[in-house]
């Protein structure tokens, strides 16, 4: 046997060993699928490895669907995995929906899963409704009394609305808005305390689950507490504001009056200055009259006698304890 033939035999043996090792790697999965009647061929397993799809996940999902009596083609399972979906969760959701008589096919379940929602949890929520407790919501009745309400919302997932439907946050926000509207429309907070069911009835009648991925089954009031008297506080704040405004206006008027008073005092002082100036001119005029001869000395003394006589008579008329005013000379 030539060396070329020996070399060819060795190469063929090595290739055969590699092929057998490759086949042996998928033999257990192929055998598992065979005995489970899942019909996954060896070439399909090799193709999964070449497409970088974990064969075990696909085989397990295929076996699970076949055992449940609703087989899913491996090509669909591979396509969903390569799209970033959870293959096992989708198959489990299909089985759970089938057992609960909920209409759900693989295409719809895959779309829900790729949309970022937990399709298995949605199916379970359709069978067993979920209770969502809202945070404490505060609202004020028409009589000004504040109320705090906590509600429990019982919702059921709507499979047909899971793709494109709003989530739990939207439902909670809408219910909170409905609670505020219901309490705000009550004439008295006592009406709400006597009949808390009026809140849930008004909220349910508003159709708050429209456009959401859930169906609201019931809204139950868990707790209602009385808060502050908002109306009285607002009136107090308004009165305090009016008081401050009135005080500011009074202070403005007082300042204006004080300014007017100071202005009048200045005018009085000005008039007194003018009076003193005028009185100072009298002696000067008399002196000038004496020098010019228009007033004689005897006339001046007669005037002084008359002034003294007048002062004496005034003193006698006033009596003791009173000082007569001095005539201006």
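Numbering (this note's numbering), first residue to last: 54 to 382. In this text, a Cβ means the ideal position worked out from N, Cα and C, and glycines have one as well. Being a predicted model, the structure only gives us computed values, none of them experimental.
- Proximity to residue 103 across 157, 135, 363 peaks at 135, based on C-alpha coordinates.
- Counting along the chain, residue 315 sits inside the alpha helix (DSSP H) bounded by residues 283-345.
- Distance from the CA of residue 191 to the CA of residue 210, rounded to the nearest whole angstrom, comes to 28 angstroms.
- For residue 162, the uninterrupted alpha helix (DSSP H) segment begins and ends at 159-167.
- Looking at the backbone, the Cα of residue 294 and that of residue 270 are separated by about 48 angstroms.
- Contact annotation, residue 193 with residue 237: C-beta distance approximately 6 angstroms; criterion of less than 8 angstroms satisfied.
- DSSP places residue 258 outside both helix and strand once states are collapsed to three, so it counts as coil.
- Only residues of its own chain outside the window of five on either side were considered, and among them 348 have a CB closer than 7 angstroms to the CB of residue 342, listed in chain order.
- The three-state secondary structure of residue 91, taken from DSSP, is coil.
- Taking a 10 Å sphere around the C-beta of residue 81, we find fewer than 16 other C-beta atoms and assign the residue as exposed.
- CA-to-CA, the gap between residue 101 and residue 273 works out to about 52 angstroms.
- In the DSSP assignment, residue 142 falls within the unbroken alpha helix (DSSP H) covering 140-152.
- Residue burial annotation: residue 336 is exposed, with fewer than 16 other C-beta atoms found within 10 angstroms of its C-beta.
- Taken in chain order, the unbroken stretches of alpha helix (DSSP H) that lie wholly in the stretch 113-143 and span 4 residues or more are 127-135.
- With a cutoff of 7 angstroms on beta-carbon distance, residue 187 and residue 245 are scored as not near each other.
- Distance from the Cα of residue 162 is smallest, within the candidate group 216, 105, 303, for 216.
- Residue pairing of residue 200 in beta bridges, as defined by DSSP: 192, 279.
- The alpha carbon of residue 252 has as its nearest neighbour, out of 265, 263, 231, 314, the alpha carbon of 231.
- Taking 8 angstroms as the upper bound for CB-CB distance, residue 107 and residue 98 are not in contact here, some 11 angstroms apart.
- In the three-state scheme derived from DSSP, where H, G and I count as helix and E and B as strand, residue 367 is classed as helix.
- Here residue 239 has 194, 245 as same chain residues with Cβ atoms under 6 angstroms from its own Cβ, once five neighbours each way along the sequence are excluded.
- Counting the other Cβ atoms within 10 Å of the Cβ of residue 86 gives 16 or more, which makes it buried.
- Under DSSP, residue 205 forms a beta bridge with 186, 273.
- Rounded to whole angstroms, the Cβ separation of residue 166 and residue 143 is 5 angstroms, and the two are in contact under 8 angstroms.
- Contact check for residue 140 and residue 185: beta-carbon distance about 30 angstroms, past the 8 angstroms limit, so the pair fails to qualify.
- Around the beta carbon of residue 265, 16 or more other beta carbons lie within 10 angstroms, which makes this residue buried.
- Residue pairing by DSSP leaves residue 221 without any beta bridge partner.
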